[in-house]
């Protein structure tokens, strides 16, 4: 199937309240243009350079999401235009995002990334650190708007492990949302597990290979 058919297939699987972030990392401009022509407007990238290059040449009504680990020294490049940063994973990064947003006279929407998975290679706040940030720290950064939480499950073929993690994250999100109604987004789920994520209240999914096909990282 082509991009249009794949995109239609994915959208048919998603409830109306779920936002689809089409993950276009490593994919050529032509693929993004095709998805755009099919009506997709929200795209996610995990590398700052690629995000900037695509933003420069593609239509300006695209909502660009930074979904990968974000280095502090690269925030300045995306601060003028990024619509949502999914990966606010440490307080020092919040300091930098707030600084660069202020310089651009913007308030940048962010998700707090929670370290949910078992892999130590993944980034994010612990639940306790996230709670502390929400309760005591977010008011220190007036140019950041925390609109939700993001988490990635363990990369595993065992759906029980993945589902237990999504359930745990959903329960934590609902607890925090009761205290902070501005937390409107729970971003969980990728191509291999988005159905399980939606089952556990994810309302934003990041889907790449199911739409664009497998990536060639050796190009």
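Residue numbers (the working numbering): 157 to 375.
Even for Gly, the Cβ is constructed at its ideal location relative to N, Cα and C.
All of these numbers come straight from a predicted model, not from anything done at the bench.
Contact between the segment 184-202 and the segment 340-355 is not established, with fewer than three Cβ pairs separated by less than 8 Å. Residue 251: member of the alpha helix (DSSP H) spanning 247-259, first to last residue. One thing to note: residue 342 has its Cβ no nearer than 7 Å to the Cβ of residue 288. Here residue 307 has 270, 272, 325 and 344 as same chain residues with Cβ atoms under 6 Å from its own Cβ, once five neighbours each way along the sequence are excluded.
Less than 7 Å separates the beta-carbon of residue 257 from that of residue 299.
Ranked by Cα distance from residue 262, the options 199, 242, 301 and 168 are led by 301. Between residue 232 and residue 293, the alpha-carbon positions lie close to 22 Å from each other. Annotation for residue 286: 268 and 270 place their beta carbon closer than 6 Å to its own, counting only its chain and skipping 5 residues before and after.
Excluding sequence positions up to five before and after residue 340, its CB lies within less than 7 Å of the CB of 303 and 304, all in the same chain and listed in chain order. Here residue 224 is buried. Its C-beta has 16 or more other C-beta atoms within 10 Å.
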